[in-house]
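Residue numbers (the working numbering), protein chains in the order written: chain D, 81 to 346; chain L, 46 to 365. Notes follow once the structure below has been shown.
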Amino acid sequence: MKILVPVKQVAAIDEDCVLREDMRDIDPDFLDYELNEWDDYSWEAALQLREAHGDQVEIVPVTVGPDEATDGLRRCLAKGGNRGVRVWDSALEESDPIAVARVIARLAKREEADLILAGTLSSDHGFAATAMCVAGFLDWPHVAVVSKLDVRPDAQHATVHRELEAGWEEEISVQCPAVLSIQLGINEPRYASLRGIKQAKAKPIEVLSHSDLGLESDEVGLSGSGSRVRRMFAPAKGQAEMIEGTTAEQASRIAQIVSELSRENS
Amino acid sequence: MSEILVVAEHRHGELAVSTLEVIAAAGELKKKNNMAVVVAVLAQEPSTFTDQLSVPSVDEIVNVKVPLGEFQNDNYEAIIGQLIVKRNPAVVLVPHSVDSWGYAPSLAARYGYGFATDVFALSYDGDELIATRAAYSEKMQVELDFPGKETILITLRGNIFKLEEGSSSPVITSFDASFVPARTDHHRFVEPESTGDVDITQSELILSVGRGVGEENNIESFRELSDLMGFTLGCSRPIADSGWLPKSRQVGQSGKTVSNCNIYIAMGISGSVQHMAGMKHVPNIIAVNTDPEASVFSIAHYGVVADMFDIAEELRNQFE
Numbered sequence: 081m082k083i084l085v086p087v088k089q090v091a092a093i094d095e096d097c098v099l100r101e102d103m104r105d106i107d108p109d110f111l112d113y114e115l116n117e118w119d120d121y122s123w124e125a126a127l128q129l130r131e132a133h134g135d136q137v138e139i140v141p142v143t144v145g146p147d148e149a150t151d152g153l154r155r156c157l158a159k160g161g162n163r164g165v166r167v168w169d170s171a172l173e174e175s176d177p178i179a180v181a182r183v184i185a186r187l188a189k190r191e192e193a194d195l196i197l198a199g200t201l202s203s204d205h206g207f208a209a210t211a212m213c214v215a216g217f218l219d220w221p222h223v224a225v226v227s228k229l230d231v232r233p234d235a236q237h238a239t240v241h242r243e244l245e246a247g248w249e250e251e252i253s254v255q256c257p258a259v260l261s262i263q264l265g266i267n268e269p270r271y272a273s274l275r276g277i278k279q280a281k282a283k284p285i286e287v288l289s290h291s292d293l294g295l296e297s298d299e300v301g302l303s304g305s306g307s308r309v310r311r312m313f314a315p316a317k318g319q320a321e322m323i324e325g326t327t328a329e330q331a332s333r334i335a336q337i338v339s340e341l342s343r344e345n346s
Numbered sequence: 046m047s048e049i050l051v052v053a054e055h056r057h058g059e060l061a062v063s064t065l066e067v068i069a070a071a072g073e074l075k076k077k078n079n080m081a082v083v084v085a086v087l088a089q090e091p092s093t094f095t096d097q098l099s100v101p102s103v104d105e106i107v108n109v110k111v112p113l114g115e116f117q118n119d120n121y122e123a124i125i126g127q128l129i130v131k132r133n134p135a136v137v138l139v140p141h142s143v144d145s146w147g148y149a150p151s152l153a154a155r156y157g158y159g160f161a162t163d164v165f166a167l168s169y170d171g172d173e174l175i176a177t178r179a180a181y182s183e184k185m186q187v188e189l190d191f192p193g194k195e196t197i198l199i200t201l202r203g204n205i206f207k208l209e210e211g212s213s214s215p216v217i218t219s220f221d222a223s224f225v226p227a228r229t230d231h232h233r234f235v236e237p238e239s240t241g242d243v244d245i246t247q248s249e250l251i252l253s254v255g256r257g258v259g260e261e262n263n264i265e266s267f268r269e270l271s272d273l274m275g276f277t278l279g280c281s282r283p284i285a286d287s288g289w290l291p292k293s294r295q296v297g298q299s300g301k302t303v304s305n306c307n308i309y310i311a312m313g314i315s316g317s318v319q320h321m322a323g324m325k326h327v328p329n330i331i332a333v334n335t336d337p338e339a340s341v342f343s344i345a346h347y348g349v350v351a352d353m354f355d356i357a358e359e360l361r362n363q364f365e
């Protein structure tokens, strides 16, 4: 069984960031990248399946992104797996989850993947969409927000828990091959060892372009997307009254607010 | 007249309130652009929801009888796809929920719809639909448009659109869908574990801790502090996932909505959308965080940029 794990380098913005000239995104100089939190969990799920079933399972982290995204793949490879795949070229800029998913779906076919485990959402833009878009393009069975996973390499079905609202879960089985989006808390992601981090540097990362995957340039980027950013802007500041002063003063103001509000309410 | 199609969401035979919020959003668009609001109900007995769905903006309810009582991805996608082909709505609006996370992206990818999720404002610029959503962990916002898309599928954030008051008599129609084989099989629902713990949804005063608490050993001092202050101790997701506090204490989308809370103190919680979904309605929110840019300050009434441990120590002195 080959498990493909699409991961993403998410961008955090600096406090004093500025917008790009076209006002549609942040100037990239003000972005810091790190691996999406959810992807630590999807990769851990893959690692555990590999450990449980040995050579019957191959796990491959893949990403769609520029050079910076290589770090995310290395972070995964430091914990296990032998190779990664990164897809990028300038036509892929401004791809939304639909365009990114089209690329991952092609990659899944090329890799003859049997299972795709992806993070439920990404912490930067939070579409919660890419994994299930991949399922749509592949026409594969799919389950979003998986909080428990039970699958054997040769099985026709996986049994999973779907995390619902308000603490409820649904236990369902899903036919394989399948796309599952993995929720935080499904496992405890391990830390990479120093040795693993060193070894990861030597592991091959194949770099492909959209055309290597047989995609036309209008199937990716803006023209392959489901939406287009017209403009980006900072939201109106919250109405919060900021409590200044020393810690003692701040705490005593909190205590005062609490006692006033409690009195009003009683 | 062009249509706005709303897909109702329900579970265990109960209509999700988010459906009524989505109808309210559709109602606002309808006023601006003279559109018809059509609500599709996929259920074994769709008519059981008719009364609840008959709110002023709704022009038509389409009942679709389905063999499966509960939500199932493949069926929702196939049936909504068929409905869209038949009715050609300009906009399809659904709640941003665990169910829609399962079917909406796949549907949009398959049929090439315009698509955006977790949208919290909609408007028209001429004939162009504009959707507003967050970017960069809520620190920025973007306006999206959907050039050249005939149908636009949008999932809408909860607790934003005010429910409509009053009732109406929408036209009731039905739709015979062709079903597809379901590729998932429902086994059972798993109830939230009842731990015999306090029911945090009943608490009026809640002090919640998040990632900032650092390690499990630090939880106890915040439990003592909350006891001392007469507050119930709550937490954000990472704390419950780590097993430092029971899941029953977790506030947020997958945890509890603290519906009776009057004062909420958030300590070391940066304020993910998922956490805020469970507490942003609270009338008095005090946020303590070292990061002045933390998104929790965008919904707090009082903000304190400080170390939660220092504040906790001073609070202990105040309340002792």
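Yeah, the Cβ is synthetic: ideal placement off N, Cα and C, and Gly gets one too.
The segment 200-215 of chain L makes no contact with the segment 130-138 of chain D; the number of CB pairs closer than 8 Å stays below 3. In this chain, the beta strand (DSSP E) harbouring L/F234 covers 229-235.
Residues of chain D with a Cβ closer than 9 Å to the Cβ of L/F342 are, in chain order, K317, G318, A320, M322.
If you draw a straight line from the Cα of D/S307 to the Cα of L/C306, it is about 38 Å long.
D/G276: member of the alpha helix (DSSP H) spanning 274-280, first to last residue. Around the Cβ of D/P221, a 10 Å sphere holds 16 or more other Cβ atoms; the residue is buried. Contact with chain L is absent for D/R186, since none of that chain's Cβ atoms lies less than 9 Å from the residue's Cβ. Contacts between D/A125 and chain L, judged by CB atoms closer than 7 Å, are missing: the closest CB pair is about 14 Å apart. Taking C-alpha positions only, L/L138 is separated from L/G275 by approximately 43 Å. In this structure, L/K75 is the residue among L/P91, L/K75, L/V143, L/H57 with its C-alpha nearest to the C-alpha of L/S102. Partner residues in the beta bridge of L/Y309, as assigned by DSSP, are L/I251, L/I330. Of the residues assessed, D/E299 falls on the buried side of the cut-off, its CB having 16 or more other CB atoms within 10 angstroms.
Counting other Cβ atoms within 10 Å of its Cβ, D/L244 reaches 16 or more and is therefore classed as buried. Excluding the 5 residues flanking it on each side, D/R104 has same chain C-beta neighbours closer than 8 Å at V309, R310, R311, M312, in chain order. Of all residues in the segment 149-173 of chain L, those with a C-beta nearer than 7 Å to a C-beta of chain D are P150, S151, L152, A153, A154, R155, Y158, G159, F160, A161, T162, D163, reading in chain order.
Neighbours of L/Q363 in chain D, taken as residues whose beta carbon is under 7 Å from its own, are A331, S332, A335 in chain order. The three-state reading of DSSP puts L/Y156 in helix, counting H, G and I together.
Closest in alpha carbon position to L/G58, among L/I251, L/E115, L/L201, is L/E115. Assignment of beta-bridge partners to D/I106 by DSSP yields D/L99. By the rule that beta-carbons nearer than 9 Å mark a contact, L/K194 touches chain D. In its chain, beyond the 5 residues on either side, T277 have a beta carbon closer than 7 Å to the beta carbon of L/V243.
Counting only Cβ-Cβ distances below 7 Å, D/E286 has no contacts in chain L at all, with the closest Cβ about 25 Å away. Nearest CB-CB separation between D/E174 and chain L: not below the 9 Å threshold.
Excluding the 5 residues flanking it on each side, L/F267 has same chain C-beta neighbours closer than 8 Å at L252, V254, V258, L278, M312, A357, in chain order.
Closer than 9 Å to the CB of L/L189 there is at least one CB belonging to chain D. Here the segment 210-221 of chain D lies against the segment 141-160 of chain L, with 3 or more beta-carbon pairs under 8 Å apart. In this structure, the straight-line span from the alpha carbon of D/R182 to that of D/F217 is close to 7 Å. The Cβ-Cβ distance between D/V165 and D/P141 falls below 9 Å. Per DSSP, the beta bridge partners of L/N108 are L/V86, L/S219. Under the DSSP assignment, D/I83 falls in the beta strand (DSSP E) whose first and last residues are 82-87. Excluding residues up to 5 positions away in sequence, L60 lie with their Cβ nearer than 7 Å to the Cβ of L/Q97 in the same chain. When only Cα atoms are considered, D/L153 and L/Q298 end up about 30 Å apart. Spatial neighbours of D/V287 in its own chain (CB-CB distance under 6 Å, excluding positions within 5 residues in sequence) are listed in chain order as R166. Per the coordinates, the alpha-carbon of L/T246 lies some 42 Å from the alpha-carbon of D/D107. Only R228, T229, D230, H231, H232, R233, F234, V235, E236, P237 from the segment 221-245 of chain L bring a Cβ to less than 7 Å from some Cβ of chain D. Put simply, the CB of L/N263 is far from chain D, with every gap to its CB atoms at 9 Å or more.
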